[in-house]
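Novice:
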DNA sequence: TTAATAGTGTCTTTCAGACAATATTAT
DNA sequence: ATAATATTGTCTGAAAGACACTATTAA
């Protein structure tokens, strides 16, 4: 970096201005389906289109900007236990027609939340099942696809599936998270034994749920997240040989 | 995003200016050691310190900016076969004392390259073994640490170890890549059989190296990269139970 | 009672890792 | 000749996945 390059950037009027934003792909599970938080755009461009929640970065870290945007859209209902991680950054020159916008995308996992609309003040945000999302503004469909890839992969190697659940949960609820995110059912017995065999994934609370399954069955034991940050050995998805190449 | 927010960002003089840069963590293997490409800074701040190569993003994609910076530092010696991927973005407010700088970091894997100094024109870049890197300018030591984590992990799940090698290589050379990146030796026999058992990792050229090992041994067969993008099953690092928590 | 569910047991196959054996080549 | 190296073979234990079984509870 030469001096004149830096000075040119330091004097914004002498250089193409760049805006830095964050966009958040917030995922949750509602009624057994993986859902993403979307907003409806009011202004041009893409007025009336759905988009990921996001906005400009202020005098704050990128993580703080993402958390702030998420809190603004979900309101007071947002629990402290949300998992938030950086996804990747999108900066293709014409991705926003108004100016050069570099957007740092974030991925969030949240337990099932009340509908933001129901909160009284008319938030423009709502949860949409990911398999019903069609077109999105800007390159947000691409960002969402990357986020789903990441989320599916994260469930293999980390215990983050528990971030979609309340502090205590049953093995069946945990399995339902995997089923919703991966889009395929898992064998109940093998899943149960596998989760318990991974050190630090979950720990027993010693208590059981207040009632059995929806249509019968014994009361399930309750678990809480363990202290592991990585699953070892991993909980791999059913093999899809063809997607490897 | 409200109108006034966007307009404030659109008019750079009315908003805190933000500079967007790319920084590249370029890794290669020289003499069996994992090395990173560094430059020596001429100007303040951090004058005389070592830093990752990088610079401002122009009218180009982020990927193109990273590739350009890498080519500028390594010169004509840079092969087309370099692997380049986005690492993550660093934007803590005070990471550059001059102004708000958001840096998109990239990770590159390159085959062993001639020393950039030797190219005639005095490039300021040079390869340094990663275990000899001490202090770096800005938050570059942090970026490098993240890059090494990513690189070590990538070798488990992808065939990218071949990106450190010429188009044809022996099994021993491939094993040396793993040993250099992971910092531990691997069992030759088990590694050999494992690599051949993963579909699409490598394919045989049918030829053998012109001579045997350094101090004797048969001529090794030559392989080239296969068509897999992911290794399945993965080639996992020797287990380190303690790093999991 | 009936059907669904929670949890456990067993078997087979695959794979990682330890170890051994053999053939080939530089010195 | 000697020692190092490439490659293959064998064995053991861990783990995944298929399947079966028992106990418990909602309706």
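Chains as they are written, first to last, in the numbering used here: chain A, 36 to 280; chain B, 36 to 280. Heads up, the beta-carbon is just placed ideally off N, CA and C, and yes, glycines get one too.
So the beta strand (DSSP E) residue 187 of chain B belongs to, where does it begin and stop?
Specialist: Looking at the DSSP string, residue 187 of chain B is not in any beta strand (DSSP E); the run it does join, the alpha helix (DSSP H), is 175-192.
Novice: Any Cβ of chain A within less than 7 Å of the Cβ of residue 127 of chain B?
Specialist: yes
Novice: Closer than 8 Å by beta-carbon distance: list the chain A residues that pair up with residue 139 of chain B, in chain order.
Specialist: 124, 126, 137
Novice: Can you tell me which residues form a DSSP beta bridge with residue 142 of chain B?
Specialist: B:60, B:120.
Novice: Measure from the C-beta of residue 94 of chain A to each C-beta in chain B and report whether the shortest distance is under 7 Å.
Specialist: So, interface residue.
Novice: Among all the DSSP beta bridges, which residues are the ones paired with residue 256 of chain A?
Specialist: Paired residues: A:243.
Novice: Take every Cβ of the region 134-147 of chain B, pair it with every Cβ of the region 178-188 of chain B, and state whether three or more of those distances are shorter than 8 Å.
Specialist: As far as the Cβ criterion goes, the region 134-147 of chain B touches the region 178-188 of chain B, which means the pair count is three or higher.
Novice: Give me the chain B residues within the contact set of residue 55 of chain A, using Cβ-Cβ distance strictly less than 8 Å, ordered along the chain.
Specialist: 53, 55, 126, 137
Novice: Look up residue 217 of chain B in the DSSP assignment and say whether it is helix, strand or coil.
Specialist: helix
Novice: Relative to the C-alpha of residue 223 of chain A, which candidate in A:234, A:211, A:232 has its C-alpha closest?
Specialist: A:211
Novice: Go through its chain and collect everything with a Cβ distance to residue 17 of chain A's Cβ below 8 Å, but skip five positions before and after it.
Specialist: Given a span of 36 to 280 for chain A in the structure shown, any question on residue 17 of chain A remains unanswerable.
Novice: Taking the alpha-carbon positions, what's the residue 100 of chain A to residue 268 of chain A distance?
Specialist: 34 Å
Novice: Would you give the residue range spanned by the alpha helix (DSSP H) that residue 226 of chain A belongs to?
Specialist: 223-232 is the span of the alpha helix (DSSP H), which, as asked, contains residue 226 of chain A.
Novice: Does residue 195 of chain B have its Cβ less than 7 Å from a Cβ in chain A?
Specialist: no
Novice: Does residue 179 of chain B come within less than 7 Å of chain A when only Cβ atoms are used?
Specialist: no
Novice: In terms of residue numbering, what span does the alpha helix (DSSP H) encompassing residue 106 of chain A cover?
Specialist: 97-109
Novice: Thinking just about the alpha-carbon of each residue, which of A:123, A:231, A:86 is nearest to the one in residue 206 of chain A?
Specialist: A:231
Novice: From the DSSP output, in three-state form, read off residue 196 of chain A for me.
Specialist: Three-state DSSP puts residue 196 of chain A in a helix.
Novice: So what does DSSP say about residue 238 of chain A, is it helix, strand or coil?
Specialist: strand
Novice: Can you pull the chain A residues whose beta carbon is under 8 Å from the beta carbon of residue 183 of chain B, in chain order?
Specialist: Residues of chain A passing the Cβ test: none, with the nearest at roughly 17 Å.
Novice: Output needed for residue 84 of chain B: all residues of its chain with C-beta closer than 8 Å, excluding positions within five of it in sequence on either side, in chain order.
Specialist: 75, 76, 170, 171, 172
Novice: Could you work out which residues of chain A lie near residue 97 of chain B, taking near to mean beta carbons separated by less than 9 Å?
Specialist: 124, 125, 126, 127, 137
Novice: Tell me the rounded alpha-carbon separation between residue 78 of chain A and residue 86 of chain A.
Specialist: 12 Å
Novice: Just confirm the distance between the C-beta atoms of residue 243 of chain B and residue 255 of chain B, as a whole number of angstroms; I'd bet it's less than 8 Å.
Specialist: 6 Å
Novice: Verify whether the separation of the beta carbon atoms of residue 140 of chain B and residue 122 of chain B is less than 7 Å.
Specialist: yes
Novice: Can you tell me which of A:266, A:220, A:57 puts its alpha carbon nearest to the alpha carbon of residue 193 of chain A?
Specialist: A:266
Novice: For residue 162 of chain B, which beta-bridge partners are listed by DSSP?
Specialist: Bridge partners of residue 162 of chain B: B:72.
Novice: Which residues in the same chain have their Cβ closer than 8 Å to the Cβ of residue 261 of chain B, if we skip the five residues on either side of it in sequence?
Specialist: When the five nearest sequence neighbours on each side are left out, the beta carbons in the same chain lying within less than 8 Å of the beta carbon of residue 261 of chain B are those of 194, 234, 235, 236, 237, 238, in order along the chain.
Novice: Is the separation between the beta-carbon of residue 58 of chain A and that of residue 138 of chain A shorter than 7 Å?
Specialist: For residue 58 of chain A and residue 138 of chain A, yes; Cβs fall inside 7 Å.
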